[in-house]
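Peer 1: Handing you this structure, nothing more for now.
Chains as they are written, first to last, in this note's numbering: chain A, 10 to 380; chain B, 10 to 380; chain C, 10 to 380; chain D, 10 to 380.
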């Protein structure tokens with residue numbers, strides 16, 4: 010490279026960094042401190058490391074069920090000292106010289122998946138399997154429950170917030186809405202006039218419920234053990250709700266669907282029994298779309314299913330539907346706001362975790378942490 | 010209905026039947042006589058029962074692995090006294106008045122599935138789930154291992170044999186070629202340049218192997234325990250063959266695919282271990298297409314597969330690809346002939362069953378019974 | 010065929026006909042009498058002619074724009090003496106012996122397309138090109154604007170009316186709703202969050218507008234020359250309406266879509282200028298879905314479109330979406346009722362035609378004729 | 010950005026550039042000098058300009074029909090002084106700091122399309138419409154007919170050459186093979202057993218012919234005015250060839266397809282008459298896939314096509330199929346070599362252009378320029 014070219018590149022880098030005052034070098038962050046422990050700590054502010062990076066000043070973040078798993082020590086890849094969180098909105102602080110689509114001051118949505126956009130998996134729309142990315146934030150690199158975060162592969166992993174949008178509501182587009190939509194609704198090929206059952210009426214199941222309605226199914230049957238969550242489901246558009254504690258869910262679904270079962274059965278819990286329930290619910294020609302994070306195997310009843318012309322799909326969210334979801338929020342076809350039940354400042358992150366982790370008692374769905 | 014209309018309809022019926030001499034009322038047939046037993050018997054020739062029926066004089070038929078299951082008593086729906094067989098070619102003897110596309114004397118291929126073409130499942134291409142049909146021949150009604158057979162829903166279930174075609178070869182299009190193609194290749198979405206593994210190198214697995222080549226995959230890896238069948242596979246176009254008796258098949262497939270696994274894993278055996286092997290073979294973003302008839306459940310390892318963006322498909326053959334397969338045979342893009350290893354006259358049906366059931370010894374793939 | 014089988018078939022035929030009293034042999038019908046002429050005449054009641062036929066006592070019918078074309082002499086295939094009409098609901102009077110799914114007394118919706126369900130085109134879902142059917146009623150055989158109609162291929166061409174349904178509203182499912190949906194919305198691949206323009210706000214364009222909403226597009230822009238029809242469009246869910254009489258429609262659409270144009274442009278008029286307008290409206294990667302019946306060629310501007318990655322689709326309605334539309338009406342996701350603006354008894358068919366043909370003055374959309 | 014981060018980035022940049030000796034600053038290049046003129050000139054070697062750039066030392070390049078258009082002055086965007094060419098293979102000389110997948114010394118295939126991989130069009134697979142890229146090389150920036158070229162967006166626009174591959178053959182994957190495959194075969198949805206007509210048997214039409222065979226169509230009918238090119242077509246796998254100079258091509262195609270016409274008609278010329286011929290060739294339910302670069306409008310015969318259930322597609326090549334094509338070359342399912350008829354050193358670029366531009370006389374398909 011010529012000296013001129015090098016110094017051009019350097020200038021690009023430095024011009025973005027120039028505005029940052031020297032004293033702003035520390036920030037507050039929610040840090041994982043080994044199984045069962047987390048703390049709000051002062052940490053160095055993140056810096057650009059690669060030309061495609063952006064550093065984002067966080068405005069809103071939230072807590073995911075996965076964060077609770079990390080805290081329990083169930084996600085061994087996450088080491089002690091890691092800043093938690095993979096969701097949120099913020100303002101671009103600085104960008105590396107390879108970033109084409111963002112500049113300091115831009116208000117952005119942060120996707121839970123960081124994707125290079127160019128590897129063989131990204132080209133197939135499988136951002137979650139990106140060879141240079143995937144689920145990084147709050148997992149293999151520091152995350153979003155902090156005043157600042159470094160977002161790798163900014164061009165493929167951040168999204169402009171439309172002018173006038175409700176930024177808090179958009180936090181739901183970092184993870185749960187694309188997860189429910191892609192893994193549940195798109196994989197499950199929900200169709201106009203079709204029948205859908207969603208097993209699990211937590212935030213992810215409700216995200217599937219909200220986004221299934223884009224395709225005008227005739228029935229969306231929501232199944233859970235918690236009447237409170239089922240009440241949310243009814244309010245969010247379920248045509249029927251079933252408390253499965255009596256063990257008759259499969260029978261009830263058959264009765265509601267003329268004996269056929271459902272065209273799409275969405276698993277949004279992550280234990281063998283709920284997956285196996287889906288095997289009973291699905292109609293010939295139907296699809297079981299798994300969203301749940303499973304820790305153990307399930308029984309696949311091929312002795313009945315082998316001839317049923319069904320499909321089963323699995324998958325991590327790829328967040329490739331984020332642009333579509335943003336348009337739907339803008340067009341007021343999707344309102345993520347009712348998924349948010351509680352709000353806390355960053356200093357009360359402990360309370361936020363407590364409320365979120367005791368959802369059955371607190372009736373929490375998603376809690377917003379305001380930075 | 011007017012008297013004129015009635016007599017018109019009657020005339021249609023009688024004109025088709027007129028050519029049948031009175032003395033031809035009995036025929037030879039292979040009859041299931043309860044678990045472990047079958048016999049070649051004289052039976053009344055079948056008659057038209059519904060306006061959409063055809064009666065076909067059989068010319069060639071064959072034996073399916075399913076027939077062996079029936080003989081073992083594994084298919085309780087099949088009662089003693091049932092004429093076996095659901096495959097073959099023949100000549101139309103008579104047709105009911107609603108049959109639009111066939112007339113006596115037409116040479117036809119008989120599909121293993123009888124479909125009305127109009128029910129909600131048929132409209133979705135799921136002929137195997139036809140509300141007025143499905144797998145009937147040699148199952149719930151008398152079958153094809155006889156001198157004559159009654160074929161219900163003739164217009165949707167029979168196919169004209171192209172002039173000059175090798176009728177014997179076309180017997181392979183009654184069941185195994187559409188089964189391998191639809192349940193394995195089409196469900197498995199085999200693509201140009203992709204990698205395919207087929208577990209099971211029997212007739213159905215070989216049918217999948219032959220038809221997978223329509224889509225020019227880069228690799229087709231064939232896995233079996235029987236070196237003889239693997240040798241057939243190599244001859245039929247497999248790019249690699251693996252004898253899985255050493256327990257290293259998954260490792261070998263990974264080595265052959267740059268560590269990724271295969272885009273399509275086709276299960277063509279029907280036992281838990283082969284299905285579970287497919288779970289190890291499939292690459293992220295890939296498909297497990299099940300063809301095998303399973304008698305028991307398998308372990309589905311959701312603890313690893315939940316995040317793998319895979320799909321699993323099941324299904325009975327719908328025979329909706331039969332017109333396409335006929336065109337491919339005509340265009341010499343598909344040669345089913347090498348699947349046929351033995352031929353017997355109907356009087357030696359016992360020998361035919363014996364040879365077919367001892368395939369490991371006899372090296373039989375498909376045996377033709379000439380009527 | 011045996012004598013027994015024949016007499017069984019005969020009995021089937023006669024048993025269905027037995028209930029018909031001898032004196033009911035004539036009926037009223039709207040008959041085409043050559044260009045510019047039609048009359049309400051007494052005609053013999055139709056009889057079953059083929060085993061798959063049904064005779065239906067009409068309850069409601071309607072007039073299609075195509076009927077006006079016939080009256081003008083624009084459809085030479087339709088000869089003088091033909092009973093008009095291809096839409097409606099009624100009650101089954103009698104069925105031929107091959108009819109599996111209907112019996113006398115069943116309340117049915119009549120599809121404008123009669124399809125055998127088994128020919129090569131029907132198997133591909135192209136009922137409009139059925140080798141033994143297609144658009145027959147009121148075209149090559151007598152139609153629905155009469156007290157009775159013979160419906161060929163009843164199993165593939167009639168639909169059960171759900172209990173409690175509004176039969177009048179369902180008349181809209183004979184033709185215009187599946188036409189707008191299949192040729193406009195499905196061919197146009199309307200997606201959640203996408204942008205749609207519909208050129209032509211007559212009944213067919215409005216049917217596309219109603220059914221496009223199944224897929225939650227962000228914008229549906231309706232374009233017409235008639236403010237009254239655009240007012241209907243706004244009421245039916247259009248997000249923008251454009252009176253194109255000022256020649257600026259393309260410019261306005263570009264302004265409404267951030268300069269991109271629309272993902273789906275639906276042509277619902279049938280003249281070169283409206284098709285050519287769609288060529289200007291469509292965004293890179295978009296689709297022009299033609300519904301209009303065209304009498305002359307249009308200019309295709311390949312000098313700009315060759316590199317635009319667009320698709321253009323054409324097609325007659327296949328009515329394969331009728332079962333889906335029926336489910337959507339049942340589920341109250343689709344209300345066809347507002348398409349009906351006027352009602353007349355059969356004796357006032359002349360007035361019905363007059364009102365419908367002067368839609369600009371009468372503000373008529375669809376007129377119901379009650380039999 | 011911290012000083013440390015900045016200097017890290019700088020180091021990345023400089024380390025890649027360090028190996029380049031100072032004296033290598035000029036190179037030979039084929040330069041467009043205004044309508045009708047080109048010359049082989051000395052030009053400064055290109056430098057990295059953006060972090061995602063690579064500079065490639067060219068090894069093989071070729072001439073495209075588009076280069077001839079540029080020379081005629083038909084592509085006004087290309088100004089005098091532009092280095093021509095958008096195809097070729099080479100060796101990476103240097104890469105910018107954002108390039109993840111390539112390093113100096115890597116042997117690469119250069120795609121004719123440069124794509125950022127992250128804009129809204131790239132995410133939809135429409136690389137040709139990339140908001141920061143598209144067809145740049147030899148068009149809006151200097152191209153490949155030179156000793157060196159700067160390749161923007163290297164990660165999405167270059168491809169590793171498999172070890173042992175024939176690099177010359179791979180030059181065909183820069184443009185014509187993905188063009189024929191994507192715009193012709195994929196857009197045209199060529200299926201096993203289907204019928205295909207390709208109008209135009211030049212290099213692009215032949216590329217469509219070669220790649221159509223991945224899907225095992227029953228018939229591929231090749232149509233051209235030049236017997237020599239039709240002879241190539243026969244050798245490359247056409248099942249029929251038609252010299253259309255007698256004006257009977259449509260009639261002949263109908264005769265070859267049982268009166269139906271073809272399922273896929275591929276336009277590979279770019280003039281109105283060949284497009285209009287495709288309108289006559291396409292069967293009901295079929296697709297016209299346009300590849301040709303058109304300079305004027307064509308007549309679209311909607312008066313017959315409106316009811317034919319057809320689709321017409323257009324599009325620039327997106328080169329998203331390049332990874333698939335590379336796998337197919339590796340697997341020996343595609344041999345691009347026979348497309349190459351002549352070879353010249355860079356110093357004889359004039360002769361190369363002369364031979365290529367007089368293809369009817371020289372029987373040239375593609376000419377290789379060796380750098």
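Even for Gly, the Cβ is constructed at its ideal location relative to N, Cα and C.
Along chain B, in chain order, which residues have C-beta atoms closer than 8 Å to that of residue 339/D?
Peer 2: The residue you call residue 339/D lines up with position 330 of the fourth chain. Chain B residues near residue 339/D: 227.
Peer 1: For residue 351/D, report the span of its beta strand (DSSP E) as first-last.
Peer 2: Taking the fourth chain and counting its residues from 1, one reaches residue 351/D at position 342. Its beta strand (DSSP E) spans residues 349–354.
Peer 1: Compare the C-beta of residue 370/C against all C-beta atoms of chain D and say whether one is closer than 7 Å.
Peer 2: Taking the first residue of the third chain as position 1, residue 370/C is located at position 361. Chain D, which has no Cβ nearer than 7 Å to the Cβ of residue 370/C, makes this no.
Peer 1: Can you find the residues in the same chain that come closer than 7 Å, C-beta to C-beta, to residue 305/B, ignoring five residues on each side of it along the sequence?
Peer 2: Counting from 1 along the second chain, the entry for residue 305/B is found at position 296. Only 281 meet the Cβ criterion.
Peer 1: Tell me whether residue 22/D sits in a helix, a strand or coil according to DSSP, three-state version.
Peer 2: Looking up residue 22/D in the fourth chain gives position 13. For residue 22/D, the pLDDT reaches just 42, beneath the cut-off of 50, and the residue's location in the model is therefore unreliable, although a value from the coordinates is still provided. Helix, per DSSP.
Peer 1: Can you give me the C-alpha to C-alpha distance between residue 101/A and residue 175/A, rounded to a whole angstrom?
Peer 2: In the first chain, residue 101/A corresponds to position 92, counting from 1. In the first chain, residue 175/A corresponds to position 166, counting from 1. So the two alpha carbons sit approximately 17 Å from each other.
Peer 1: Chain C beta carbons: is any one of them nearer than 7 Å to that of residue 109/B?
Peer 2: Working through the second chain from its first residue, we reach residue 109/B at position 100. Residue 109/B counts as touching chain C.
Peer 1: If you measure from the beta carbon of residue 96/D to each beta carbon in chain C, is any gap under 7 Å?
Peer 2: Position 87 of the fourth chain, counted from the start, is the residue given in the question as residue 96/D. No, residue 96/D lies away from the interface with chain C (no Cβ there is under 7 Å from its Cβ).
Peer 1: Reducing DSSP to helix, strand and coil, say where residue 167/A ends up.
Peer 2: As a working note, residue 167/A is residue 158 in the first chain. Reduced to three states, the DSSP call for residue 167/A is strand.
Peer 1: Got a sec: is the Cβ-Cβ distance from residue 310/A to anything in chain B below 7 Å?
Peer 2: One-based indexing of the first chain puts residue 310/A at position 301. Residue 310/A counts as touching chain B.
Peer 1: Within 7 Å (strictly less), CB to CB, does residue 245/A reach chain C?
Peer 2: For the purposes of this step, residue 245/A is taken as the residue at position 236 of the first chain. For residue 245/A, no CB of chain C lies under 7 Å from its own CB, so it is not counted at the interface with that chain.
Peer 1: On the DSSP bridge list, what partners appear for residue 276/C?
Peer 2: What you label residue 276/C is simply residue 267 of the third chain in a count that begins at 1. DSSP lists 208/C, 299/C as partners of residue 276/C.
Peer 1: I'd like to know if residue 31/C contacts chain D, where contact means its C-beta is closer than 7 Å to some C-beta of that chain.
Peer 2: Here residue 31/C refers to the residue found at position 22 when the third chain is read from its first residue. Residue placement at residue 31/C cannot be trusted, given a pLDDT of 43 that sits under 50; what the coordinates show is reported in the next sentence. Residue 31/C does not count as touching chain D.
Peer 1: Enumerated in chain order, which unbroken segments of the beta strand (DSSP E) with a length of 3 residues or greater are wholly contained in the segment 95–137 of chain B?
Peer 2: Along the length of the segment 95–137 of chain B, whole beta strand (DSSP E) runs at least 3 residues long occupy 97–104, 116–119, reported in chain order.
Peer 1: Any idea what DSSP makes of residue 258/C, helix, strand or coil?
Peer 2: Indexing the third chain from 1 puts residue 258/C at position 249. It is helical.
Peer 1: Drop a sphere of 10 angstroms on the beta-carbon of residue 254/D, count the other beta-carbons inside from all chains shown, and report buried for 16 or more, exposed for fewer.
Peer 2: As a first step, residue 254/D must be located in the fourth chain, where it is residue number 245. The residue is exposed, with fewer than 16 neighbouring Cβ atoms inside 10 Å.
Peer 1: For residue 364/C, which residues in the same chain have their Cβ closer than 7 Å to its Cβ, ignoring the five residues on either side in sequence?
Peer 2: Looking up residue 364/C in the third chain gives position 355. Once the five neighbours on either side are set aside, the close Cβ partners of residue 364/C are 351, 371, 373, 376.
Peer 1: Please state if the CB of residue 317/A and the CB of residue 323/B are separated by a distance shorter than 7 Å.
Peer 2: Position 314 of the second chain, counted from the first residue, corresponds to residue 323/B. Position 308 of the first chain, counted from the first residue, corresponds to residue 317/A. Their beta carbons are under 7 Å apart, which means residue 323/B touches residue 317/A by this criterion.
Peer 1: Does chain C have any CB closer than 7 Å to the CB of residue 79/D?
Peer 2: Within the fourth chain, the letter at position 70 stands for residue 79/D. So, not an interface residue.
Peer 1: Return no unless some Cβ of chain A is closer than 7 Å to the Cβ of residue 342/C.
Peer 2: For this step, residue 342/C is matched to residue 333 along the third chain. For residue 342/C, the answer is yes, since a Cβ of chain A falls inside 7 Å of its Cβ.
Peer 1: Where does residue 225/A fall in DSSP's three states?
Peer 2: In the first chain, residue 225/A corresponds to position 216, counting from 1. In the structure shown, residue 225/A sits in coil (DSSP, three-state: anything other than H, G, I, E or B).
Peer 1: In terms of residue numbering, what span does the beta strand (DSSP E) encompassing residue 335/D cover?
Peer 2: Locating residue 335/D in the fourth chain gives position 326, counting from the first residue. No beta strand (DSSP E) holds residue 335/D; the alpha helix (DSSP H) holding it covers 331–339.
Peer 1: Using a Cβ cut-off of 7 Å (strictly closer), state whether residue 165/C contacts chain B.
Peer 2: Taking the first residue of the third chain as position 1, residue 165/C is located at position 156. Taking Cβ atoms only, chain B reaches closer than 7 Å to residue 165/C, which makes this a yes.
Peer 1: List the residues of chain B that residue 61/C touches, going by C-beta distances under 9 Å, in chain order.
Peer 2: In the third chain, residue 61/C corresponds to position 52, counting from 1. Within 9 Å Cβ-Cβ: 60, 61, 107, 109.
Peer 1: Pull out every residue of the segment 134–163 of chain D whose Cβ sits closer than 8 Å to any Cβ of chain C, in chain order.
Peer 2: 135, 137, 138
Peer 1: Output needed in chain order: residues of the segment 306–335 of chain A with a Cβ under 7 Å from some Cβ in chain C.
Peer 2: Listed in sequence order: 333.
Peer 1: With respect to the alpha helix (DSSP H) encompassing residue 237/C, which residues constitute its N-terminal and C-terminal limits?
Peer 2: Here residue 237/C is taken as the residue at index 228 of the third chain, counted from 1. Per DSSP, residue 237/C belongs to the alpha helix (DSSP H) from 236–244.
Peer 1: Taking 7 Å as the CB-CB limit, is residue 172/C close to chain A?
Peer 2: Here residue 172/C refers to the residue found at position 163 of the third chain. Cβ-Cβ to chain A under 7 Å: no for residue 172/C.
Peer 1: Candidates 269/A, 228/A, 277/A: which alpha carbon is nearest residue 215/A's?
Peer 2: Locating residue 215/A in the first chain gives position 206, where the first residue counts as 1. Measuring from the Cα of residue 215/A, the nearest candidate turns out to be 277/A.
Peer 1: Just to confirm the assignment, what range does the beta strand (DSSP E) spanning residue 50/A have?
Peer 2: Translated into the one-based positions of the first chain, residue 50/A becomes position 41. Looking at the DSSP string, the run of the beta strand (DSSP E) that includes residue 50/A is 47–53.
Peer 1: According to the neighbour-count rule (16 or more other Cβ atoms, all chains shown, within 10 Å of its Cβ), is residue 135/D buried or exposed?
Peer 2: On the fourth chain, position 126 is the one that residue 135/D refers to. So residue 135/D counts as buried.
Peer 1: May I ask you to report which of helix, strand or coil DSSP gives residue 294/C?
Peer 2: The residue you call residue 294/C lines up with position 285 of the third chain. The answer is strand: DSSP assigns residue 294/C an E or B state.
Peer 1: Pick helix, strand or coil for residue 328/C, following the three-state DSSP scheme.
Peer 2: Your numbering for residue 328/C matches position 319 in the third chain. Of the three classes helix, strand and coil, the one that applies to residue 328/C here is coil, per DSSP.
Peer 1: I'd like to know if the segment 235–245 of chain A and the segment 162–182 of chain A are in contact, where contact means that at least 3 CB-CB pairs between them fall below 8 Å.
Peer 2: no
Peer 1: Who are the near neighbours of residue 356/C in its chain, counting only those whose CB is closer than 8 Å to its CB and skipping five residues on each side?
Peer 2: As a working note, residue 356/C is residue 347 in the third chain. So the qualifying residues of the chain are 37, 49.
Peer 1: Can you grab the Cα-Cα spacing for the pair residue 182/B / residue 164/D, in whole Å?
Peer 2: Stepping through the second chain from its first residue, residue 182/B is reached at position 173. Stepping through the fourth chain from its first residue, residue 164/D is reached at position 155. Distance between the alpha carbons of residue 182/B and residue 164/D: 47 Å.
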